[in-house]
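Numbered as in my numbering, the sequence shown ends at 357 without a single skipped number.
Virtual Cβ for every residue (Gly too), placed ideally from N, Cα, C.
What you are looking at is a predicted structure, and each value in this text was computed from that prediction instead of being measured.
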Amino acid sequence: MSITIKLGQLAEFLGATLRGDKDKDITGLATLEEAGPGQISFLAKPQYRKYLVDTQAAAVLLKPADADGYTGDALLVPDPYLAYARISHFFDPKPKSSAGVHPTAVIAEDAQVDPAASIGAFAVIESGALIAANVTIGAHCFIGARSEIGEGGWLAPRVTLYHDVRIGKRVVIQSGAVLGGEGFGFVNDKGVWQKFAQIGGVTLGDDVEIGVNTAIDRGALSDTRIGNGVKLDNQIHIAHNVQIGDHTAMAACVGISGSAKIGKHCMLAGGVGLVGHIDICDGVYITGMTMVTHSITEPGSYSSGTAMQPSAEWRKSAARLRKIDDMARRLQKLEKAVETVTCADNRSSDG
7 MSITIKLGQL
17 AEFLGATLRG
27 DKDKDITGLA
37 TLEEAGPGQI
47 SFLAKPQYRK
57 YLVDTQAAAV
67 LLKPADADGY
77 TGDALLVPDP
87 YLAYARISHF
97 FDPKPKSSAG
107 VHPTAVIAED
117 AQVDPAASIG
127 AFAVIESGAL
137 IAANVTIGAH
147 CFIGARSEIG
157 EGGWLAPRVT
167 LYHDVRIGKR
177 VVIQSGAVLG
187 GEGFGFVNDK
197 GVWQKFAQIG
207 GVTLGDDVEI
217 GVNTAIDRGA
227 LSDTRIGNGV
237 KLDNQIHIAH
247 NVQIGDHTAM
257 AACVGISGSA
267 KIGKHCMLAG
277 GVGLVGHIDI
287 CDGVYITGMT
297 MVTHSITEPG
307 SYSSGTAMQP
317 SAEWRKSAAR
327 LRKIDDMARR
337 LQKLEKAVET
347 VTCADNRSSD
357 G
């Protein structure tokens, strides 16, 4: 798919200051290093400024302070990275689906599908489901009984929604994601695991994005809840009864145990793990591979684990770590010995 837009149109869309030819055709986006004629680029971080002088880009998104000395066409904006994000959608090659139902789709008689929705090949929509206007459901998706998808939702091929999953407006769900699977709920009875039914559902707010192969389990009693604007990367697991506040984002391979509550505007980097039944307040940033074992009540950045070292140094550190209890006991003995000597010296000087 080929798209052409005038540089002046992009300036107007962004509210940017145009420096250059407003009628120049822009046909795509690229990095400063790789951009060619017709493509627009951006300078978001100082370390990439070295590519600005020789870039072949048709125009560059720049902060006013970074524009000095650059003679090419530019759009001056407060935040070039944000501006890039906003205009990227003009050049998105993702195919657009036409409204209608593919003849191989299977739809229950009492399911409600808006005429403006697009239902792909071999999709299954079960009894009582509700599909709003301008929803796209890709091939081989499964929409369970009584599930609801709000206006403008987009489901890639092979998304699975179990029964009683309620999704807000403009939600994006990538392939392989499963929403509403049974939570991990068992009780041990004399050495034998007894299962209890997961009778809650899953509720997603508006503008949520769910990555490839991410799983969100249904609640044991009440719904597992994902707030407005939440962004979840690939291969994340959200266990039963979890609650995630508005505009929180999580990178790949995060695991959230059951009944954990995460506040608004939090960020969890890749591989973070949370134990169950803890609360994370608003505005918390948790660095990669951190294991969170208790509630966090103050906003800020939190970390755990051991950072990378050369292997030989890491082995030495690990060996020292195994000796830390013995070292602590020896230190306590030394402290007591020093204290004894100090007290004796004080008594001698007093005498």
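By the 10 Å Cβ neighbour count, where 16 or more other Cβ atoms means buried, how is residue i classified, buried or exposed?
i, result
"W320", "exposed"
"H246", "buried"
"D1", "No information on residue 1 is available, as it lies outside the stretch 7 to 357 that the chain covers here."
"I205", "exposed"
"V198", "exposed"
"T61", "buried"
"E345", "exposed"
"L210", "buried"
"G106", "exposed"
"I9", "exposed"
"A325", "exposed"
"G186", "buried"
"G306", "exposed"
"E40", "exposed"
"V290", "buried"
"A80", "buried"
"L238", "buried"
"A91", "exposed"
"G189", "buried"
"R55", "exposed"
"L420", "The question about residue 420 has no answer, for the chain in this structure spans 7 to 357."
"G75", "exposed"
"E341", "exposed"
"V171", "buried"
Between the options, which lies nearest to residue i when the distance is taken from Cα to Cα?
i, options, result
"G144", "L185, V178 and E154", "V178"
"S124", "F48, C147 and T348", "C147"
"G235", "L227, N219 and E215", "E215"
"V184", "G217, W160 and G264", "G217"
"D252", "S104, W160, K267 and G261", "K267"
"I284", "C272, S263 and L24", "S263"
"A89", "I46, C272, V59 and Q53", "I46"
"E304", "I286, A203 and S310", "I286"
"A22", "I232, D170, P86 and V107", "P86"
"S181", "D170, V165 and E188", "V165"
"F19", "G75, L82 and A203", "L82"
"G233", "K12, K270 and K28", "K270"
"Q118", "D212, S104, G159 and S153", "S153"
"G44", "R55, D31, P99 and D27", "D31"
"K51", "L68, L35, A36 and V59", "L68"
"K28", "L35, Q15 and A36", "Q15"
Work out the CA separation of residue j and residue i for me, nearest whole Å.
i, j, result
"S193", "I173", "Residue 193 is actually Val in this sequence, not Ser. Straight-line Cα distance between these residues: approximately 31 Å."
"T33", "R328", "59 Å"
"V66", "K102", "28 Å"
"G126", "V208", "23 Å"
"A221", "Y308", "25 Å"
"N219", "G158", "21 Å"
"A63", "L38", "7 Å"
"L337", "T299", "29 Å"
"D213", "R176", "5 Å"
"H169", "I250", "21 Å"
"V347", "I242", "58 Å"
"I11", "G277", "40 Å"
"P84", "Q53", "18 Å"
"I137", "D116", "12 Å"
"H108", "I155", "18 Å"
"V59", "N240", "37 Å"
"D195", "L167", "32 Å"
"A17", "A129", "41 Å"
"S323", "G42", "49 Å"
Report all residues from its chain with a CB closer than 6 Å to the CB of residue i; omit the five preceding and five following residues, and keep chain order.
i, result
"A275", "A257, T293 and G294"
"L161", "I143, G144, C147 and I179"
"G279", "G261 and M297"
"V248", "T230, I262 and A266"
"P163", "G144, A145, H146 and S181"
"M273", "A255 and Y291"
"E132", "A114, G150 and A151"
"S228", "G206"
"F48", "L67, P86 and Y90"
"S301", "I284 and D285"
"A135", "A117, I149 and S153"
Which same chain residues end up closer than 8 Å to residue i when comparing Cβ atoms and leaving out the 5 residues on each side of it in sequence?
i, result
"G311", "M295, T296 and M297"
"P70", "T23 and L82"
"G26", "L13, A65, G78, D79 and A80"
"G282", "A245, S263, G264, S265 and A266"
"D288", "G251, G269, K270, H271, C272 and P305"
Between which residues of its own chain and residue i is the CB-CB distance below 7 Å, once the five residues before and five after are set aside?
i, result
"G191", "K201, F202, Q204, A226 and H246"
"A122", "A105, A139 and N140"
The stretch 305-315 / the stretch 330-342 touching (three or more Cβ pairs under 8 Å): Result no; under three Cβ-Cβ pairs closer than 8 Å.
Any 3 or more C-beta pairs closer than 8 Å across the stretch 109-123 and the stretch 82-99: no
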